[in-house]
Amino acid sequence: MNLPKIGYNEPVVADEVITTEELLPLVGTDHVRLIDAREADAYQEGHIPGAVNLHPSALEHTEIRDHGEEVEHQLRPASEVVVYFRAAGVRNDVPVCVYDDGGGYLASRLWWVLDYLGHPRRRLLDGGLFAWTAAGGGLSVGAVPISAGGFTQRPSLLRRLEFSDVIANMGDPGMVLCNTLAADAFRVESIPGSINIPYTDTFAPDNLPLLRSRHELESVFAGHGVTRRHRLVCYGRNGYCASQVYFAARYAGLTNVTLYDGSMADWVARGGELVPGNPDRQGRTPPGG
3 MNLPKIGYNE
13 PVVADEVITT
23 EELLPLVGTD
33 HVRLIDAREA
43 DAYQEGHIPG
53 AVNLHPSALE
63 HTEIRDHGEE
73 VEHQLRPASE
83 VVVYFRAAGV
93 RNDVPVCVYD
103 DGGGYLASRL
113 WWVLDYLGHP
123 RRRLLDGGLF
133 AWTAAGGGLS
143 VGAVPISAGG
153 FTQRPSLLRR
163 LEFSDVIANM
173 GDPGMVLCNT
183 LAADAFRVES
193 IPGSINIPYT
203 DTFAPDNLPL
213 LRSRHELESV
223 FAGHGVTRRH
233 RLVCYGRNGY
243 CASQVYFAAR
253 YAGLTNVTLY
263 DGSMADWVAR
273 GGELVPGNPD
283 RQGRTPPGG
């Protein structure tokens, strides 16, 4: 089938990155729900006051393919995932701010899940805990008591693709497959026809772990031939690196963005071929421009 298109007039999400300066006055209020995406041990050692702990792995399970192949880190059904967010106090009418140490992809993984589930006010802390402590933000230890939230999910199939969707649209110039692994890994193996935007390219080179500016990210995607007329499909080995590039693309104003959650692990398990990546490959001009 042809991939459905998201309207080009969909609002961009440039306001959904939050800085430490913007977050500081909100901590301790009912105006934000903070979620720490790190491992439980790291959370217990110190976290932003009021933050609850939810590692992305809690939202995942292992799926078994037709011939017994195991594919790990697959998102659970939406009806199960939403239970974890409700337990974390997530509501539709309160902004959710996710963070990790900074410079990684745990927070962006949660951000993608919230985007997929249709939460209208999801934000990511630029620079994560590194930026928070550098700005003088305090830390708390131990768990935070929380009241369950009433988050109601509206999952969008436009934000998460399956193997069948990808294979049915191979060769369509309107679809750009984006391998988000390091360039060296891309050169070794990749889904055929992919471009390469390593997830680390979304961070400012001199200010890790801060994000590049929105304008800089626009240039990153444009430099690979990706425009708003393309359907950008992000993938990695298991969807984590891909979540960071997905987030960066949405932040840069690209609305037609989705994530192949199964990524290369699922591709191989279903009999898909991997080939050496071509570092010179660009997105092709889709029909009509």
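3 is the number of the first residue of the sequence shown in the numbering used here; add one for each residue after it.
Glycine residues also receive a C-beta, built at the ideal position from the N, C-alpha and C atoms.
No experiment lies behind these values; they were computed from the predicted model shown.
Would DSSP call Ser142 helix, strand or coil? strand
Using only the alpha-carbon positions, how far apart do Ala80 and Gln284 sit? 34 Å
For Leu141, does the count of other Cβ atoms within 10 angstroms reach 16, so buried, or fall short, so exposed? exposed
Apart from the five residues on each side of it in sequence, which residues of its chain come closer than 7 Å, Cβ to Cβ, to Asp263? Gln76, Leu77, Arg162 and Gly241
Neighbourhood of Tyr201 by C-beta, 7 Å cutoff - its chain only, sequence neighbours within 5 removed: Tyr107, Thr182, Cys243, Gln246 and Val247
Secondary structure at Gly285, three-state DSSP: helix, strand or coil? coil
Cβ atoms of Ile20 and Asp128: under 9 Å apart, would you say? If you check the CB distance, Asp128 and Ile20 come in under 9 Å.
Burial state of Met266 (16 or more Cβ within 10 Å): buried
My assumption, with CB atoms under 8 Å, is that Arg156 sits in contact with Gly120. Please give the rounded CB distance. 4 Å
Residue burial classification, Met172 (beta-carbon count within 10 angstroms, cutoff 16): Met172 is exposed by the Cβ-count criterion.
So is Thr154 in contact with chain C if we call contact Cβ pairs under 9 Å? The structure shown contains no chain C, having only a single protein chain.
DSSP on Val222, reduced to helix/strand/coil? Val222 sits in a helix when the DSSP states are folded into three classes.
What does DSSP give as the partner residues of Phe205 in its beta bridges? Per DSSP, the beta-bridge partners of Phe205 are Leu213.
Got a sec, what are the start and stop residues for the alpha helix (DSSP H) Met266 sits in? Ser265 to Ala271
Inter-residue CB distance, Ala39 and Pro58 (contact presumed, cutoff 8 Å): 6 Å
At what residues does the alpha helix (DSSP H) containing Asp117 begin and finish? Leu108 to Leu119
Does the contact criterion of 3 or more C-beta pairs under 8 Å hold for the segment 55-73 versus the segment 104-118? A contact exists between the segment 55-73 and the segment 104-118.
Taking Cβ positions, are Pro281 and Ala185 nearer each other than 9 Å? yes
Quick one, which of Val270, Glu24, Val259 and Cys180 has its alpha-carbon nearest Gly130's? Glu24
Backbone CA spacing between Leu212 and Ala133 [nearest angstrom]: 8 Å
May I ask you to report which of helix, strand or coil DSSP gives Arg124? strand
Since I believe Gly52 is in contact with Leu36 (beta carbons under 8 Å), could you give me their beta-carbon distance rounded to a whole number of angstroms? Indeed they touch by this definition, with Cβ atoms about 5 Å apart.
Quick one: complete alpha helix (DSSP H) runs, 4+ long, within the segment 151-175? Listed in chain order, the complete alpha helix (DSSP H) runs (minimum 4 residues) inside the segment 151-175 are 165-170.
Counted within 10 angstroms of its Cβ, other Cβ atoms place Ala250 as buried (16 or more) or exposed: buried
Integer-rounded CB distance, given that Leu126 should sit under 8 Å from Ser2: An answer regarding residue 2 cannot be provided, because it is not within the stretch 3 to 291 covered by the chain.
Alpha carbon to alpha carbon, how far is Gly151 from Ile66? 32 Å
Span of the alpha helix (DSSP H) holding Arg252? Tyr242 to Tyr253
Nearest neighbour of His217, chosen from Thr135, Ala254 and Leu159 [CA to CA]: Ala254
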